[in-house]
Amino acid sequence: MKIPLSWLRNYVEIDSEVTDLAHSLTMAGLEVGSIEHIGDKWDSDSLVVAQVIQLEPHPNADRLRLPTLDLGKGEKAKVVCGAPNLKVGQKIVFAKEGATLFNPRSRKQEILKGANIRGIESKGMVCSALELGIGEDDGGILVLDDECVTGTPAKDLLSDSIFDTELTPNRPDCLSIIGTAYEIAALLGKNITEPESSYQSGDTKIDDRIKISIQDPLNCPRYTGSFIENVTVAPSPLWLQDVLVKSGHRPINNIVDITNYVMLEYGQPLHAFDFNKLEGDEIIVRQASESELLQTLDSQRRTLTPPMLVIADISKPIGLAGIIGGVNTEIDEDTTDIFLEAANFNAANTRATRSVLGLNTEASYRFERDIRHELAPIALKRATYLISQWCGGIPAEGIIDTFSAPYHIKTIEITEARFEKILGVPVAMKDIWNIIKRLGFEKIEEDVPQVINVSPPIWRSDISIQDDIIEEYARIYGYDNLPTSPLASPIPSQGSENPQAVREHMRDRLVSAGMNETISYSITDLETINLFDSISSDQQPISIANPLDVSKKYLRPTLVPNVLETLSRNRRTDQQTGLRIFEIGRVFLPLQTDEIDSMPVEKEQIVGAITGFSASTDFWLESDRLMDFFDAKGIVEHIFRGLSGALSFAKSDGTIYETGKTADIFLNEVLIGHIGELKSDLSEFYDLSASPVVIFHLFLEAIQTVAQVQSVNYSEPSRYPSSFRDLALISSKEVDSESIVSTIMKNKLVADSFPIDKYEGAEVPDGKYSLTMRIVFQSKEKTLSAKEIDRAHVQIIKSLEHQYKISERYS
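Numbering-wise, the sequence shown is residues 6 to 816 according to the numbering used here.
Structure below.
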């Protein structure tokens, strides 16, 4: 927002340098992005107020004239001028030769030089607002008020500094001059001068002229209005035009300019309707009818739909609530009676309407940021006062104030104890009150010296609790001024039992295993749901009321198809590299209930998939082995390192996995997922049949109930050498390698054990297979002798034979 410093000075005394003030505002949270200095290059002697005392036609040009100017102190000048609005008696700004002005053609500041124009010497010029750099209007010269004294330097009259502030959405109060003035008052220790708003009413009573009906109180909680008759529509006085131009607004006429002026002053949008263009004596606030038409003030014919909010008379819409008025009640030169509106409209409804229509206005920008209800009647009275002063109008007695629910003063209790707890230093209540009262807070009551109740300013919709007030105190006092102190409380633990910690641990482990994380949409189609039997036949998938794509209108009940689609898409672009991907996301399952309003169950899952070669085939040291079930199993085991609980696998028959190449995954004997090689028909469906696809499917919430992230503990490695033996076994196919490893690891001299070879052939009986295990023997207490290793070897064979009827295979 553009904020002229000259306007701020009407409400608060500013004795600080402009740059220092901008820095203070920025450090307090109101960022000043840039400062525009108007008149900083003007010379006091070269640019002065002058009066037109004579006007003659140019002898050699029909469109040029020769004004004679009184420059004050007995000095006169005669120049050439082409401005059509120049008249005798006007006070204008005259630039002498050598003055620095803005050249509209080159768009640069240039030094004015004398010139011969059609045979007449002209050493100076009469200035437009554009040439002075205070506006964009170059269609005529800038006409000053009659009270201006000739000879006065223009710098004393028109120079200014304009702050361009960059506001965050939570500070709509600073979209106003008053809100910014309170910020400055608090920072500089000054008091605020409130604008005048009391006016003399006429004999007409407003209730006799107009009524208000709010049909949608949710979207219009408060509506206020005043009636003013016998107004004269004309150009605004210079001071008002000057303020609006400096604030980035184009002057239109005195009525409209005053509504814009008060909007900028208080942050409350207003709108004026030509009362004589209304049908009936009632203003209705309602939702638009389907395909209702309204031509807005930007001359666009717009088609409206519910729940867009409109202001209407008894037959038609006359304005788009909180956004823009309609052409059918526009203020023009024939307007004599007006109805002035200041209301409060729902932020969400305003935002939605503005977005649908693609219509951004100063009013909608403010209403979207949730303006306080209490501001409407204050801004209304201020605008009514200004119109009665500058437009010759007579206000009716009273105002209309219609609201859907009674308003209560918001009170917040503040205590010294809470301030000390949050800020870390003791603060006296008198010091707290000294700062916050300058921000516009009011004291409601004071029970004890350390506790008071206050109400926030009416323009501060962002303050609702005591901690908000503590923040206000801290930023005005200055965060840099708060003393530092050591942390007084213990540093909280990482919270390894936190479910989020488990999720992030698993994500980190997946990435460290060479997996790439993907993120997909949560929507799917019915064909995919049926393909994977994701829900039981008696359940209905959860549909979306307004899907982006009608072919995908269901919420996914499993992550597996999403991962396979990603895998397939990547395989089509890369035929050689092995692919390892995973996704962590939510799935949506219907409840096992007949209740119509029952909500779906959301579950978090982790699904990973691998396919292709285990390493790049272009690297001569790497083999071209295709990844298989055991690669995926190894990744799962890697994931669970660092989590509490015993991980185990058991054979299963998954519906989407190849028989004999799938397993259930358990943690502390709780089922937490499945792993397996994808069935060939599904691989073909996703165009992944070139190499096996192995999937692991983990239920994250089940894992979080039984697992915690373990603290990293240092364990001293053995100082003694290790020795390994390879043990060939004959085992029933009913016994998996996981069970064999578990039995071997129970021997206290075994440091590690893992399978290195599997064989099924003519030398192995039917229903059995040969498995070669590598067993690493090591002690932390001594170097193991061959006899000790032999004894442990024999014990392992006996344990396997006893538990699983496994025998040693002899070559």
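All residues carry an ideal CB built from backbone N, CA and C; glycine is no exception. Quantities reported herein were computed from a predicted structural model and do not represent experimental measurements.
(1) Is the region 194 to 209 touching the region 219 to 230, taking contact as three or more C-beta pairs under 8 Å?
(2) Which partner residues does Lys-684 have in the DSSP bridge list?
(3) Do Ile-328 and Arg-377 have their C-beta atoms closer together than 9 Å?
(4) For Asp-50, would you say it is in contact with chain D, using Cβ-to-Cβ distances shorter than 9 Å as the test?
(5) Indicate whether the contact test is met: 3 or more Cβ pairs, each with one atom in the region 117 to 132 and one in the region 96 to 103, closer than 8 Å.
(6) Give the C-beta separation of Val-250 and Ile-139 to the nearest angstrom, bearing in mind that I take them to be a contact with Cβ-Cβ under 8 Å.
(7) Taking the alpha helix (DSSP H) that Ser-643 belongs to, which residues open and close that run?
(8) For Glu-2, which three-state DSSP category applies?
(9) How long is the line joining the alpha carbons of Leu-594 and Phe-701, rounded to whole angstroms?
(10) Would you tell me roughly how many angstroms separate the C-alpha atoms of Ser-49 and Asn-351, rounded to the nearest one?
(11) For Asn-259, does the three-state DSSP call read helix, strand or coil?
(12) Work out the CA separation of Pro-256 and Ser-241 for me, nearest whole Å.
(13) If distances are taken between C-alpha atoms only, which option among Val-53, Ile-263, Ser-736 and Ile-189 comes closest to Val-17?
(14) Nearest to Lys-792 by alpha carbon, out of Leu-732, Leu-754, Ser-304 and Val-85?
(15) Is the region 407 to 423 touching the region 231 to 245 in the sense that three or more CB pairs, one from each, lie closer than 8 Å?
(16) Name the DSSP bridge partner or partners of Ile-516?
(17) Compute the Euclidean distance between the alpha carbons of Phe-624 and Ala-733, then round it to the nearest angstrom.
(18) Going by DSSP in three states, Ser-619 sits in which element: helix, strand or coil?
(19) What does DSSP give as the partner residues of Ile-13 in its beta bridges?
(20) Compare the beta carbon distance of Gly-445 and Pro-462 with 9 Å and say whether it is the shorter of the two.
(21) Excluding five sequence neighbours on each side, which residues of the same chain lie with their C-beta closer than 6 Å to the C-beta of Asn-258?
(22) Among Glu-768, Gly-665, Asp-151 and Ala-695, whose alpha-carbon lies nearest the alpha-carbon of Gly-681?
(23) Flag this pair as yes or no: are the beta carbons of Ile-58 and Val-93 separated by less than 9 Å?
(24) Using C-beta distances below 6 Å, list every residue in its chain close to Glu-41, excluding the 5 sequence neighbours before and after it, in chain order.
(25) Measure the C-alpha to C-alpha separation of Leu-192 and Ser-164 and round it to an integer number of angstroms.
(26) Mind listing, in chain order, the continuous alpha helix (DSSP H) runs of no fewer than 4 residues lying wholly within the region 80 to 156?
(27) Suppose you measure from the CA of Ser-218 to the CA of Gln-292; what does that come to, to the nearest Å?
(28) With a threshold of 6 Å on Cβ separation, who are the neighbours of Phe-424 within its own chain once the five nearest residues in sequence on each side are excluded?
(29) Taking Phe-372 as part of the beta strand (DSSP E), name the residues at either end of that continuous run.
(30) Helix or strand or just coil, what does DSSP make of Asn-265?
(31) Quick one: grab the DSSP three-state call for Gln-56.
(32) Can you tell me where the beta strand (DSSP E) with Arg-724 in it begins and where it stops?
(33) Candidates Ile-427, Ile-392, Gln-715 and Lys-210: which alpha carbon is nearest Ala-506's?
(34) Using only alpha-carbon positions, find the residue among Lys-785, Ser-39 and Leu-672 that is nearest to Ser-720.
(35) Does the beta-carbon distance from Ala-368 to Ser-231 come in below 9 Å?
(36) Report the option in Ala-357, Pro-454 and Thr-340 whose CA atom is closest to the CA atom of Gly-398.
If we stick to the structure as given:
(1) no
(2) Residue mapping note: residue 684 aligns to position 679 of the sequence shown, counting from 1. In the DSSP output, where bridge partners are listed per residue, Lys-684 has none listed.
(3) Here the question's residue 328 lines up with position 323 in the sequence shown. Here the question's residue 377 lines up with position 372 in the sequence shown. Going by C-beta atoms, Ile-328 is not nearer than 9 Å to Arg-377.
(4) No chain D is part of this structure, which consists of one protein chain only.
(5) yes
(6) To locate residue 250, count along the sequence shown from 1; it is residue 245. To locate residue 139, count along the sequence shown from 1; it is residue 134. Confirmed, about 6 Å.
(7) Along the sequence shown, read from residue 1 onward, the residue named residue 643 stands at position 638. Per the sequence shown, the amino acid found at residue 643 is His instead of Ser. Start and end: 634 to 644.
(8) Coverage of the chain is limited to positions 6 through 816, which leaves residue 2 absent and any answer about it impossible.
(9) For this step, residue 594 is matched to residue 589 along the sequence shown. For this step, residue 701 is matched to residue 696 along the sequence shown. Roughly 20 Å separates the two Cα atoms.
(10) Mapped onto the sequence shown, residue 49 falls at position 44. Mapped onto the sequence shown, residue 351 falls at position 346. Each residue's alpha carbon lies about 51 Å from the other.
(11) Taking the first residue of the sequence shown as position 1, residue 259 is located at position 254. Note: Asn-259 maps to helix in three-state DSSP.
(12) By 1-based counting over the sequence shown, the position of residue 241 is 236. By 1-based counting over the sequence shown, the position of residue 256 is 251. Approximately 7 Å, taken between the alpha carbons.
(13) The residue labelled residue 17 in the question sits at position 12 within the sequence shown. Comparing Cα-Cα distances from Val-17 to each of Val-53, Ile-263, Ser-736 and Ile-189, the minimum goes to Ile-189.
(14) As a position in the sequence shown, residue 792 is number 787, starting the count at 1. Of the candidates Leu-732, Leu-754, Ser-304 and Val-85, the one whose C-alpha sits nearest the C-alpha of Lys-792 is Leu-754.
(15) no
(16) Residue mapping note: residue 516 aligns to position 511 of the sequence shown, counting from 1. Inspection of the sequence shows that residue 516 is occupied by Val rather than by Ile. In DSSP, Val-516 forms no bridge with anything.
(17) Here residue 624 corresponds to residue number 619 of the sequence shown, with the count starting at 1. Here residue 733 corresponds to residue number 728 of the sequence shown, with the count starting at 1. Residue placement at Phe-624 is flagged as unreliable, the pLDDT there being 46, under the threshold of 50; the coordinate-derived value follows with that caveat. Rounded to the nearest angstrom, the two C-alpha atoms are 33 Å apart.
(18) For the purposes of this step, residue 619 is taken as residue 614 along the sequence shown, with counting starting at 1. Three-state DSSP puts Ser-619 in coil, outside helix and strand.
(19) By 1-based counting over the sequence shown, the position of residue 13 is 8. Going by the sequence as given, residue 13 is Leu instead of Ile. The partner list for Leu-13 (beta bridge, DSSP) is empty, contrary to what the question assumes.
(20) Numbered from its first residue, the sequence shown carries residue 445 at position 440. Numbered from its first residue, the sequence shown carries residue 462 at position 457. In contact: Gly-445 and Pro-462 (Cβ atoms closer than 9 Å).
(21) The residue you call residue 258 lines up with position 253 of the sequence shown. Once the five neighbours on either side are set aside, the close Cβ partners of Asn-258 are Val-238.
(22) Start at 1 with the first residue of the sequence shown, and residue 681 comes out as number 676. Checking every option, the nearest Cα to that of Gly-681 belongs to Gly-665.
(23) For the purposes of this step, residue 58 is taken as the residue at position 53 of the sequence shown. For the purposes of this step, residue 93 is taken as the residue at position 88 of the sequence shown. The answer is yes: Cβ separation under 9 Å.
(24) Indexing the sequence shown from 1 puts residue 41 at position 36. Excluding sequence neighbours, Glu-41 sits near Ile-167.
(25) Numbered from its first residue, the sequence shown carries residue 192 at position 187. Numbered from its first residue, the sequence shown carries residue 164 at position 159. Approximately 24 Å, taken between the alpha carbons.
(26) 134 to 137
(27) For the purposes of this step, residue 218 is taken as the residue at position 213 of the sequence shown. For the purposes of this step, residue 292 is taken as the residue at position 287 of the sequence shown. One C-alpha to the other measures close to 12 Å.
(28) If you number the sequence shown from 1, residue 424 lands on position 419. For Phe-424, where only same-chain residues beyond five positions count, the Cβ hits under 6 Å are Val-432 and Ile-475.
(29) Walking along the sequence shown from the start, residue 372 turns up at place 367. It is not in any beta strand (DSSP E) - Phe-372 instead sits in the alpha helix (DSSP H) that spans 367 to 372.
(30) Taking the sequence shown and counting its residues from 1, one reaches residue 265 at position 260. Asn-265 falls in the helix class under three-state DSSP.
(31) Here residue 56 refers to the residue found at position 51 when the sequence shown is read from its first residue. In the structure shown, Gln-56 sits in a strand (DSSP, three-state: E or B).
(32) Along the sequence shown, read from residue 1 onward, the residue named residue 724 stands at position 719. Note, Arg-724: premise wrong, no beta strand (DSSP E); not H, not E.
(33) To locate residue 506, count along the sequence shown from 1; it is residue 501. Measuring from the Cα of Ala-506, the nearest candidate turns out to be Gln-715.
(34) Along the sequence shown, read from residue 1 onward, the residue named residue 720 stands at position 715. Closest by alpha carbon: Lys-785.
(35) Position 363 of the sequence shown, counted from the first residue, corresponds to residue 368. Position 226 of the sequence shown, counted from the first residue, corresponds to residue 231. Against a cut-off of 9 Å, the Cβ pair of Ser-231 and Ala-368 comes out as no contact.
(36) Indexing the sequence shown from 1 puts residue 398 at position 393. For the residues Ala-357, Pro-454 and Thr-340, the minimum Cα distance to Gly-398 belongs to Thr-340.
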